[in-house]
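Per the working numbering, numbering of the sequence shown is gapless, rising by one per residue and ending at 821. Even for Gly, the Cβ is constructed at its ideal location relative to N, Cα and C. One structure is given here, and the rest of the page talks about it.
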Amino acid sequence: MFVALRRVHVAASDFSRSRRFYGETLGLPEIGGFEKDWVEFGLGPVLVKLTPLRPGEVPARNQVALTLSTADLEACLTALKERGVTVTRGPLEEFTGRSAEILDPDGYRIIVFHSSDLHPDEEYVRMSDVDEKVKEKIALLRAREKGKAPAPAKPAPVKAAPAKAAPKKPAPAKAAPKKPAPKRPVPKKAGKPTPKKAAKPAPKRPAPKKAKK
């Protein structure tokens, strides 16, 4: 339904006086306004809108109170007292931290708050998780009171996604075994030529004898 607190309206019987109180005494930065009709002070995501008081009475303690967070309650209260601000209540120890109250010029309550380690200002919780968170805080507080407060759990380290293995390169195909080159027939060494036998001369025929005369 709701996503954030946007603005707190404060009605002032003396607009100029309250404007100086919120802007100069409390040191809230003024971020906008329109003459004497309204002025806004910004501190984080929430705005304080100051408007002139309409007819009526400011209730004593049954009223909406403005809460301002501080990192050092004692130092903050000391600085406010030096500026003429009276602390009307506190400092008080609470479950969520320490607080004190002051009043603005019209008697509106302003709570000055310092959160404990169990309730840091910057912690935001989903509504669906509130019950579980409250149980955790109570357990931590009880353990702290007994002097056995466990160290705050460290957030689990974010596991890096496992690196994808590089795709294996296909093994190079084995070269087919080379077929042995056909052996060339070794030329036979030529043997020594067989000497030809000389042909036997044909037997001479005897010449015919001449006849005697």
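Residue closest to residue i, alpha-carbon to alpha-carbon, out of the options
i, options, result
"Ser643", "Val654, Gly650, Leu658, Phe629", "Strictly speaking, residue 643 in this sequence is Glu, with Ser absent from that position. Answer by Cα proximity: Leu658."
"Pro637", "Asp645, Leu655, Arg750, Ser624", "Leu655"
"Gly650", "Glu744, Leu676, Arg625", "Leu676"
"Leu700", "Glu690, Asp714, Ser723, Arg662", "Ser723"
"Arg691", "Asp712, Glu744, Val616, Gly705", "Asp712"
"Arg706", "Thr678, Val693, Arg717, Asp714", "Thr678"
"Ala683", "Phe721, Gly652, Glu702", "Phe721"
"Ala619", "Thr696, Tyr716, Lys754", "Tyr716"
"Arg615", "Glu648, Glu753, Asp714", "Glu648"
"Leu674", "Asp645, Leu634, Lys754", "Leu634"
Residue environment, residue i, which counts as buried when at least 16 other CB atoms sit within 10 Å
i, result
"Thr686", "exposed"
"Ala751", "exposed"
"Glu744", "exposed"
"Ile639", "exposed"
Per DSSP, the bridge partner or partners of residue i
i, result
"Leu676", "Val720"
"Gly650", "Leu655"
"Leu700", "Ser707"
"Arg687", "According to the sequence provided, residue 687 is Ala. The question's Arg does not apply to it. DSSP lists no partner for Ala687."
"Pro660", "Ala620"
"Val695", "Ile710"
Residue i versus residue j - alpha carbon distance
i, j, result
"Arg625", "Lys689", "18 Å"
"Gly631", "Ala747", "41 Å"
"Leu749", "Asp739", "15 Å"
"Arg697", "Pro653", "27 Å"
"Ile719", "Ala708", "6 Å"
"Ser621", "Glu702", "32 Å"
"Leu661", "Phe623", "8 Å"
"Val693", "Asp680", "17 Å"
"Arg628", "Lys754", "47 Å"
"Val695", "Asp714", "15 Å"
"Gly641", "His617", "13 Å"
Q | Every unbroken alpha helix (DSSP H) within the segment 616-644, with a cutoff of 4 residues, ordered by chain | A | 623-628
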